[in-house]
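*Asks:* I am attaching a structure below and will ask some questions about it afterwards.
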Amino acid sequence: MTARPRRPLSPTAATVAATAIAVASIAGLAAPASATLTRVRALGDGASYLEDDSNALVWFASLVDYPDQVVLDLGELDHDAPGSLNESLTGVAGGFHARLDRAGRWGTAGLYVQEDLPAGAPGGAFTLLWARGLGKITVGLKGSFSSHFEGENSTEIPGHGESLYFHDYGASARWDIHDGLYGDLVYELVNVQGDATMQGSYSLPPQHTWSTWGARTRWFIALDETAALVPVFDHRQDDRQVLAEALAAPADQHVYRTAVGCGVNLLPDPDNLVVVSAEYRWGHELHDRLVDNSQTWDYDQSDATYEEVHARVGLESRVLPWLTVRGALQYLRLQNESRLSRGHTLPDEPDRWAEDQSITILTPITVGAGILAGPFQADLVLNARWAETYGTFPFARSPQERGTYTGITFGYRF
């Protein structure tokens, strides 16, 4: 029988990512998961291309594979952030998985709480999970609540304030076709509520939308006893009214992001794992200004495209019964193009536009370790970093060429 790569080399702490949000700009669109991805980040940040308990909040049906554990994430310490330790530490979180009965008839439940996310991300998340096996099909459900509050004076949007609430509902199914082939399917729908104002200029009427959603799938295909192929497809969309920074005004937002990728898991022996993956992401963000004839403005439309090529090679090796070491090398190419435009409003007034393009190539290196002491587990990662967006819907990244962060997670299995 061909073995499935369900379990990692050693028990690891589960993720507290997935604060359900949709976002307001291509540099700040929500984004997965920004919590206890300690082991996954040490292997190059490709969570969907390997089995790990961090996937419980991304591929909900996998929750049944990682029952009865508690996790505490001390957050990420940004070594280059100015200010106090409290200002440098973000993403403190905690949660647990537990079978509702020992026989599994009532399934497995999970609870996660996350606070202290980086600026521009939601102000914390409360997430409930449930999953249960039904023969060859395992079903999973997720409900998550997060909020975003912002009020400041800035060059882009003077005297603005935002209050947004995100309710994310997800359903997942895992289909075990046979011992060497299984797949995950996920659909998420986000209810967005809130409003936004700009002092002396505009206000965004109260929102109550159901137009933010995502769908994804991945498959584990055993090639032989030591290798598995993992194709992944992910599409996310966000259509609603927002306070657009590029236009400094309320606007209709139409955003999508699609990703396709493929990975290979190699397990030459029980103590060593190699994960190789590559993916291509592309997206489009369009903002059409909500016209107010009593005001003047520079531009009435913001149009941006985003492309990313991301390849990674990760290695995990158990060197002692209690010590596992990890490392990864990544290649990341980011390309962002944006255009601001305004049609003429007077017969003798020309059209107005501004264009910008950026291409960044990064080769981050990560190292990490896992320490196992009976039911206790500690995971550490030291990561060369680029600035990321956070939350369930990662539409784009903003490149940052310098900086490192450290993440530490503690887990206990009962």
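Here the sequence shown is numbered in our numbering, starting from 50 and rising by one per residue. We put the CB at the ideal spot given by N, CA and C, even for glycine.
Which residues does DSSP pair with Phe109 in a beta bridge?
*Replies:* For Phe109, which the question treats as bridged, DSSP gives no partner whatsoever.
*Asks:* Less than 8 angstroms between the C-beta atoms of Ala142 and Thr157, yes or no?
*Replies:* Taking 8 angstroms as the Cβ cut-off, Ala142 and Thr157 do not qualify as a contacting pair.
*Asks:* In the DSSP assignment, what residue or residues form a beta bridge with Glu404?
*Replies:* Answer by DSSP bridge pairing, in chain order: Arg388.
*Asks:* Comparing C-alpha positions only, which one of Asp225, Val291, Leu272 sits nearest to Gln256?
*Replies:* Nearest C-alpha to Gln256: Val291.
*Asks:* The beta strand (DSSP E) that contains Arg330, what's its start and end?
*Replies:* Per DSSP, Arg330 belongs to the beta strand (DSSP E) from 321 to 338.
*Asks:* Taking the continuous alpha helix (DSSP H) assigned at Pro90, which residues delimit it?
*Replies:* It is Arg, not Pro, that sits at residue 90 in the sequence shown. From DSSP, the alpha helix (DSSP H) with Arg90 extends over 87 to 91.
*Asks:* Suppose the cutoff is 6 angstroms on Cβ atoms and the five residues either side in sequence are ignored; what does the same chain contact list for Asp264 look like?
*Replies:* Sequence check: residue 264 is Ala here, not Asp. Once the five neighbours on either side are set aside, the close Cβ partners of Ala264 are Tyr236, His284.
*Asks:* Between the segment 377 to 384 and the segment 104 to 116, do three or more beta carbon pairs fall short of 8 angstroms?
*Replies:* Result no; under three Cβ-Cβ pairs closer than 8 angstroms.
*Asks:* Count the other CB atoms, across all protein chains shown, that sit within 10 Å of the CB of Ala170; report buried if there are 16 or more and exposed otherwise.
*Replies:* Only weak support exists for where Ala170 lies, its pLDDT of 46 falling under 50; the coordinates are left without a value.
*Asks:* Mind checking who His146 pairs with in its DSSP beta bridge?
*Replies:* His146 pairs with Gln118, Gly159.
*Asks:* What are the start and end residues of each continuous beta strand (DSSP E) run of 3 or more residues lying completely inside the segment 246 to 287, in chain order?
*Replies:* You should have 251 to 273.
*Asks:* Kindly indicate which residue of Arg90, Ile186, His216, Ala277 has the alpha-carbon position closest to the one of Ser193.
*Replies:* Taking only the C-alpha atoms, the option nearest Ser193 is His216.
*Asks:* To the nearest angstrom, report how far apart Thr455 and Ala277 are at their CA atoms.
*Replies:* Approximately 30 angstroms, taken between the alpha carbons.
*Asks:* Which partner residues of Asn432 appear in the DSSP bridge assignment?
*Replies:* Paired residue(s): Thr415, Tyr454.
*Asks:* From this set, Gln379, Thr261, Arg375, which residue's C-alpha is nearest Val239's C-alpha?
*Replies:* That would be Thr261, whose Cα lies nearest to the Cα of Val239.
*Asks:* How far does the beta strand (DSSP E) with Leu315 in it reach, from first residue to last?
*Replies:* 298 to 318 is the extent of the beta strand (DSSP E) around Leu315.
*Asks:* Please state whether DSSP places Ala427 in a helix, a strand or coil.
*Replies:* In the structure shown, Ala427 sits in a strand (DSSP, three-state: E or B).
*Asks:* Could you tell me the boundaries of the beta strand (DSSP E) in which Tyr355 lies?
*Replies:* Element bounds for Tyr355: 350 to 369.
*Asks:* Taking all protein chains shown into account, decide if Val368 is buried (16 or more other Cβ within 10 angstroms of its Cβ) or exposed.
*Replies:* Exposed, by the Cβ-count rule.
*Asks:* Please state whether the Cβ-Cβ distance between Gly310 and Ala271 is less than 8 angstroms.
*Replies:* No, they are not a contact pair.
*Asks:* Whose C-alpha, out of Val107, Trp371, Leu86, is nearest the C-alpha of Asp122?
*Replies:* The shortest C-alpha separation from Asp122 is found at Leu86.
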